[in-house]
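Asker:
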Amino acid sequence: MRDATPSSPDQTIHLSDYAPVPVTVTHVDMHVRLDPRATEVMARLTCRRQGPGEMVLNGEQLDLVSLALDGEPLAEDRYTVTDTTLTLHDAPDAFLLETVVRISPETNKAFDGLYMSNGMYCTQCEAEGFRRITWMLDCPDVMATYDVEIEADLPVLLSNGDEVAPGKWHDPWPKPTYLFALVAGNLVATSDTFTTMDGREVALNIWVRPGDEGRTGYAMDALKRSMAWDEEVYGRAYDLSVFNIVAVDDFNMGAMENKGLNVFNSAYVLASPDTATDATYEWIESVVAHEYFHNWTGNRITCRDWFQLCLKEGLTVFRDQQFTCDARDPAVKRISDVLKLRTRQFREDAGPLAHPVRPESFVEINNFYTSTVYDKGAEVIGMLRTLIGPDAYDAGCQLYFDRHDGQACTIEDWLACFAEVTGRDLTQFQLWYSQAGTPRVTLREDFNNGLYRLDIRQDVPDTPGQTDKAPMVIPLAWGLLDARGKEVRATEVFELSEATATLEVALPDRPVLSMLRGFSAPVVLDFDQPEADRLILLAHDSDPFNRWEAGRTLAKSRIIRAVTEGAGFDAAWLDAVATLACDDTADPAFRALALGLPSEDDLAQTLHQMGVVPDPDAIHAARKAAAVAVAGRLAHDLPVLRDAMHILGPFDPKAEDAGKRALSAQLLKFQTLLDDGAAARAAYDAADNMTDRMAAFACLLEAGDPSVAGQFEADWQHDRLVMDKWFTAQVAHAAPDRAVGVATGLTRHADFDMTNPNRFRSVIGGLTSGNPAGFHTADGSGYRFLADWLLKLDASNPQTTARMSTAFDTWRRYDADRQGLIRAQLERLQHAETSRDLGEMIDRMLA
Ligand code: B3K
Ligand code: ZN
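Note that the sequence shown covers residues -1 to 845 in the numbering used here.
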């Protein structure tokens, strides 16, 4: 049992308690002498008083060697040191504080602070890793310039800013500690240059382990395109002489935007046609862009405190989404983003972990890098832009950049810029930041005597700690079609700001409503729209998102009826699906998305909303039956359709080709249901790129081919990133009753290394996210498997375990037996000695 429960009041940090530090740091001079077990960090902090009170520095796992103030060793009665704080009792108004500490990067398997990965030194400081490197005010509103000198017998020594001499770096831009970075190792660079709009040449380097140089081309291309895009669209140029990216194998997340020295999980930067899928290329493009865009939204203007995390993350996700929309098909991008939002954020918003986009309290900030902060945070920016229009949005952004450059800001600062340029009161809009839960918008329509009437109601559900919520401002983009599918009313935005509202339109004939075009707000629509109308929208809506949405709703209702009533699949639906599959005027990427059936978790979420207890096995079976029905309907078309997607010439990751491969892969899934994997076997043998190979591999695993896993392994066991895919695919595509056994077997594989976060996620996440029916297997073995591995990893890597524990967050959806089994595992975790990170998550899920 832990000494204190993480949610005990003394450990909870509240937004309302924010206060600026009494003494701040304006410059940091660091000398780092690297050694695996005894790295010495000498830090000289230039400190300045800005209010009354003691200076309390943060530190963790630091071995304090010496401490001096203005060059004199500090007498023992002038300071107090605990495990996590160093308090100066009578700090003067301006002074230099010098500390020397020793740390052990080699034994740091939390990958937080300074650590080692395959012989290279690397840092991760967001959110509070800097305190594991040296004593410092480790909070985002303390912004300092840095001089860093690195001493090590290694060829490449990197830090933030500009290199002034070998191993010596100067960062002229004041930054918070979380953006500090240091990298040292035997690395090689792919280099290029970019000339900014004001004519400065910037050196660009992507640093990798020797042997990986051939896989950096796409990331470099994405970086250059991102730099140009931010100049063109937001008027923001890069501000140092060099921009470095480093690929590292051990990393808890995707990448990190440290000033001038981005550190990337190698899975999000390395790509070659042979080893990366189209999905990987797309991630790389968007993550490179995201981290680069942080240079302005996050780095130049940062967060006052961690409660304002969405100020940089929501905005930067929105900006990377805009970038991808400009680089690829915007409708396909929007559909993919909404799928992700519903899978991750709606799920989070509907369960015990629900929290506002700007949380009001936390125990461990790393637990709040959530889909709500990131993805709903991005939706909020998108709604703001929809409500005020693109020109006012641009003007507000420019005002924000001009006014707040070099500052640590709040959501209020951000919104004030838009209120000022528009003259609009954004008080009600700000509820999107403070009220958790996905609003439900209920529609009732009526047509009588030439008048179309739509009654609209909004409800914001209760969430942990929040009830009786006020109505939000919801931008509803809508249009009308006639019975032949012709648009009779082009898109308009209706601002729903009251609990109820009515929309009336005079028309000669009853129209077909196309509501929430482009998914204009992150809400659940409750609308019993006639099936005939949905079929018209599927065939004709000018809004591609709603075309897709109509198809998805039709598919979902069939699968739900198959689960609840054992219903079969009707010809009208199957014909509509076939028409879409064969519509060669539609973009293949769009058709691939439209043919994809709702995920098992999405179906479980919908059933739960309907008040039905979801049965994971029945959902799995019904979804498969739907796929078999579609496959049967398409049987004659499949070979021709797949042939039409054949690409001549070498692999190119461009969106157009990726769309063809995506459609081909979707069609191969259907084909596999008809021929037991014969076509997939041929596709696997013929594949000349990893996208096609993985697609065929997945189909063969689904078909139960016993030899394919061994063949794949023999071909790719030398490649860590490819093998991550191999581990995941076997678990995700195992039959549900075998999935836990497959996952357990893979944890005994010689190449399974629990301490590598990518590998841990590939197997444990392969089960929890990739195979819901397997995870929820009725005997509870999936739950036990997850809890066992969380306990094993938690002692060394709390961030990764806390994140993986969210697989349990839907537990109250399920039947009494499953609930009992999950609760038993949650209680087992609660009573074990776990980290503050995991402890907080478990407490919240059980609350
Ligand atoms: N800002 C980092 C995430 C840091 C996570 C810390 N637990 C990456 C990003 O959002 O760009
Ligand atoms: Zn980010």
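Note that the Cβ used here is the ideal one computed from N, Cα and C, for glycine as well. Because the structure is a prediction, the values reported are computed rather than measured.
1. Is the segment 606 to 625 touching the segment 358 to 370, taking contact as three or more C-beta pairs under 8 Å?
2. Does the contact criterion of 3 or more C-beta pairs under 8 Å hold for the segment 650 to 666 versus the segment 595 to 602?
3. By DSSP, does ARG0 sit in helix, in strand, or in coil?
4. If distances are taken between C-alpha atoms only, which option among MET839, ALA814, LEU791, SER495 comes closest to GLU825?
5. For the beta strand (DSSP E) containing TRP171, name the first residue and the last one.
6. ARG332: buried (16+ other C-beta within 10 angstroms of its C-beta) or exposed?
7. Enumerated in chain order, which unbroken segments of the alpha helix (DSSP H) with a length of 4 residues or greater are wholly contained in the segment 512 to 578?
8. Considering just the uninterrupted stretch of the alpha helix (DSSP H) at GLY380, what are its terminal residues?
9. Measuring straight from C-alpha to C-alpha, what distance separates ALA475 and MET381?
10. Enumerated in chain order, which unbroken segments of the alpha helix (DSSP H) with a length of 4 residues or greater are wholly contained in the segment 723 to 803?
11. Can you give me the start and stop residues for the beta strand (DSSP E) that PRO651 sits inside?
12. TRP809: which of ALA800, LEU819, MET802, VAL729 sits nearest, CA to CA?
13. Measure the Cβ-Cβ separation of LEU719 and ALA274 and say whether it is below 9 Å.
14. If you compare alpha carbons, which of LEU202, LEU185, GLY197, ASN184 is closest to THR191?
15. Determine the DSSP secondary structure at SER239, reduced to helix, strand or coil.
16. Comparing the CB of HIS288 with every heavy atom of the ligand B3K, is any distance shorter than 8 Å?
17. Let me make sure I understand the geometry here. Which of LEU429, ALA434, GLN456, TYR431 has the alpha-carbon closest to that of ARG442?
18. Counting only the same chain and skipping the five closest in sequence on each side, list residues whose C-beta sits under 8 Å from that of SER14.
19. List the whole-angstrom C-beta distance separating LEU605 from HIS538, where the pair is believed to meet the contact cut-off of C-beta under 8 Å.
20. Can you confirm whether the segment 403 to 419 touches the segment 337 to 344 when touching is taken to mean that 3 or more C-beta pairs between the two stretches lie within less than 8 Å?
21. Are at least three pairs of beta-carbons, each pair with one atom in the segment 293 to 302 and one in the segment 747 to 766, less than 8 Å apart?
22. Confirm the yes/no value for this check: CB of MET752, any heavy atom of the ligand B3K, distance under 8 Å.
23. What span of residues does the alpha helix (DSSP H) with HIS353 cover, start to end?
24. Where PRO881 and TYR450 are concerned, what is the direct C-alpha to C-alpha distance, given to the nearest angstrom?
25. Does the segment 150 to 166 come close enough to the segment 40 to 49 to have 3 or more Cβ pairs within less than 8 Å?
26. Thinking just about the alpha-carbon of each residue, which of LEU665, TYR176, ARG487, THR10 is nearest to the one in TYR144?
27. What distance in whole Å lies between the Cβ atoms of THR804 and LEU791, which are believed to be in contact at a cut-off of 8 Å?
28. With 16 as the cutoff for other CB atoms within 10 Å, does ARG842 come out buried or exposed?
29. I need the DSSP call for GLY394, collapsed to helix, strand or coil.
30. Confirm the yes/no value for this check: CB of VAL378, any heavy atom of the ligand ZN, distance under 8 Å.
31. Judging by CA-CA distance, which residue of PHE360, GLY312, ARG31 is the nearest neighbour of GLN9?
32. Compute every distance between the C-beta of GLU311 and the non-hydrogen atoms of the ligand ZN, then say whether any falls below 8 Å.
33. Tell me the rounded alpha-carbon separation between THR132 and VAL23.
34. Check for me: the alpha helix (DSSP H) holding THR846 runs from which residue to which?
35. Give the DSSP bridge partners of PRO612, in chain order.
36. Going by the DSSP bridge assignment, what does ILE148 pair with across the sheet?
Answerer: This is what the structure holds:
1. no
2. no
3. Note that ARG0 has pLDDT 38, beneath the 50 cutoff, so the model's placement of it is unreliable and no number is given.
4. MET839
5. 166 to 173
6. buried
7. 529 to 538, 542 to 563
8. 375 to 386
9. 10 Å
10. 734 to 745, 755 to 758, 770 to 773, 779 to 792, 796 to 802
11. Segment: none, PRO651 is in no beta strand (DSSP E) and carries neither H nor E.
12. LEU819
13. yes
14. LEU202
15. coil
16. yes
17. GLN456
18. GLU358
19. Not really, about 30 Å apart at Cβ, beyond 8 Å.
20. no
21. no
22. no
23. HIS353 -> no alpha helix (DSSP H), and no H or E assigned at all.
24. In the structure displayed, the chain extends from -1 to 845; residue 881 sits before or after that span and is not available.
25. no
26. TYR176
27. The Cβ separation is near 15 Å, so there is no contact.
28. buried
29. helix
30. no
31. PHE360
32. yes
33. 14 Å
34. Lying before the first or after the last residue shown, residue 846 is absent from the chain, which here runs from -1 to 845.
35. None; PRO612 has no bridge partner.
36. VAL30
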